[in-house]
Amino acid sequence: MRLAVILLAAGKSKRFKTKKNDIKKQFVVIQNKSLIEYSLDTFSKIPYVKQIIVVVAKNDVEKVRHLLRKYNIEIIIGGKQRYNSVCNGVKVIDKNIDYVLIHDAARPLVNKDLVFRCLQKIKYYDCVIPAVPVTDTIKIVNKNHEVVQTVDRKKFFLVQTPQVFKKNVIDKIYSEKIINKWTKKLQYDITDDAQLAELEGFTVKIVPGEKKNIKITTQQDLQLMKFYLTHK
7 MRLAVILLAA GKSKRFKTKK NDIKKQFVVI QNKSLIEYSL DTFSKIPYVK
57 QIIVVVAKND VEKVRHLLRK YNIEIIIGGK QRYNSVCNGV KVIDKNIDYV
107 LIHDAARPLV NKDLVFRCLQ KIKYYDCVIP AVPVTDTIKI VNKNHEVVQT
157 VDRKKFFLVQ TPQVFKKNVI DKIYSEKIIN KWTKKLQYDI TDDAQLAELE
207 GFTVKIVPGE KKNIKITTQQ DLQLMKFYLT HK
């Protein structure tokens with residue numbers, strides 16, 4: 007199994023920044039290590055990983071090159087939207103790669119067990135994604151935030167990364183033609199990589215995600231990460 011990793015770190019961190027702190031979340035240092043390094047440490051220890059592509063904003067390239075100089079990675083400039091950034095990463099994947107893993111640098115607590123859980127299933131499916139079941143009641147509302155319907159929460163899951171794809175699947179769904187087709191049809195931005203596979207008729211398998219695999223979006227999330235790190 008030859009695996010390529012695309013680590014997405016090109017976000018602007020608009021919801022994370024405050025008046026007192028304008029640093030992007032992927033560069034915040036916790037316990038002497040930046041958030042982006044947490045993911046890289048995990049992926050660098052997986053023997054199947056043969057290529058790591060880090061996608062960053064243009065004005066962060068030199069900063070990232072210096073910060074991550076100890077890692078064997080390729081640094082690629084991201085695009086306007088998430089799917090544009092992934093597309094840029096897909097273009098430089100080595101030809102001998104079998105599977106592609108896409109992960110958000112904003113999920114620094116990813117671990118090898120979760121990665122292997124996905125890899126165990128990818129041989130049998132087009133795409134494998136981790137997810138956790140919804141435990142709260144879900145209601146559909148209208149534009150006035152009035153409740154229209156209460157739905158069965160057993161059918162709903164919160165999706166995480168990493169998401170793993172067969173190489174031929176990622177090549178198909180991350181073409182400009184496919185992206186343009188679905189963004190026009192849906193009339194909203196695609197924020198999940200597996201959604202493109204789903205829309206194109208590929209089989210997407212869910213495996214159990216992890217509560218600790220949180221996405222750092224706000225300062226409060228950072229406090230939760232610190233808690234998890236100190237209460238292993």
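All letters in the sequence shown, in the order written, are residues 7 to 238 by our numbering.
Beta carbons are placed, not taken as given, at the ideal position from N, Cα and C, and that holds for glycine.
First and last residue of the beta strand (DSSP E) that includes residue i?
i: ASP110; result: 105-110
i: THR156; result: 153-157
Where do the ends of the alpha helix (DSSP H) carrying residue i lie?
i: ILE184; result: 182-192
i: ILE99; result: Neither: ILE99 is in no alpha helix (DSSP H) and is coded neither H nor E.
i: ILE220; result: Premise fails: ILE220 is in no alpha helix (DSSP H) and is neither H nor E.
i: GLN126; result: 118-128
i: LEU73; result: 67-73
i: ASP199; result: 199-205
Once the 5 residues before and after residue i are set aside, which same chain residues still bring their CB inside 7 Å of it?
i: LEU228; result: VAL34 and ILE222
i: ALA16; result: VAL61, VAL62, ALA63, GLY84 and SER91
i: CYS124; result: VAL134, PRO136, PRO168, VAL170 and VAL213
i: VAL147; result: VAL153 and VAL154
i: LEU73; result: SER40
i: GLN37; result: LEU235
i: LYS118; result: THR48, LYS51 and ILE52
i: PHE163; result: ALA137, VAL138, PRO139, VAL140 and ILE212
i: GLU204; result: VAL210
i: LYS217; result: VAL138
i: ARG71; result: ILE81
i: ASN102; result: ARG8
i: VAL55; result: LEU9, VAL11 and PHE49
i: ASP66; result: none
Would you list the one or two residues that DSSP bridges to residue i?
i: PRO136; result: VAL213
i: LYS145; result: THR156
i: VAL61; result: LEU14 and ILE82
i: GLN169; result: ILE108
i: PHE163; result: PRO139
i: LEU9; result: VAL55 and TYR105
Please list, in chain order, all residues of the same chain as residue i whose beta carbon is under 8 Å from its beta carbon, the five residues on each side excluded.
i: GLU80; result: GLN57, ILE58, ILE59, VAL60 and VAL98
i: ASP195; result: GLN87, ARG88, TYR89 and THR189
i: LEU202; result: TYR89, ILE179, TYR180, ILE184, ILE185, TRP188 and ILE196
i: LEU230; result: ILE220
i: THR143; result: THR156 and ARG159
i: GLU182; result: CYS93
i: ASP177; result: VAL96
Closer than 6 Å by C-beta to residue i: which residues in its own chain qualify, once you throw out the five before and the five after it? Chain order, please.
i: ASP110; result: LEU14 and THR167
i: LYS145; result: VAL153 and THR156
i: GLY95; result: ILE12, ILE59, VAL61 and ILE82
i: CYS93; result: TYR180
i: TYR44; result: PRO114
i: ASP100; result: GLN57
i: ILE128; result: TYR105, VAL134 and VAL170
What is the C-beta distance between residue i and residue j, in whole angstroms, given that I count them as a contact (C-beta under 8 Å)?
i: PRO136; j: LEU120; result: 6 Å
i: PHE208; j: VAL175; result: 6 Å
i: LYS172; j: ASP132; result: 6 Å
i: LEU107; j: TYR77; result: Contact flag wrong, Cβ pair sits at about 16 Å.
Would the beta-carbon of residue i be found less than 7 Å away from any heavy atom of the ligand PLP?
i: ILE108; result: The ligand PLP is not part of the structure shown, which contains no ligands of any sort.
What are the complete alpha helix (DSSP H) segments, minimum 4 residues, inside the segment 25-59?
-> 41-50
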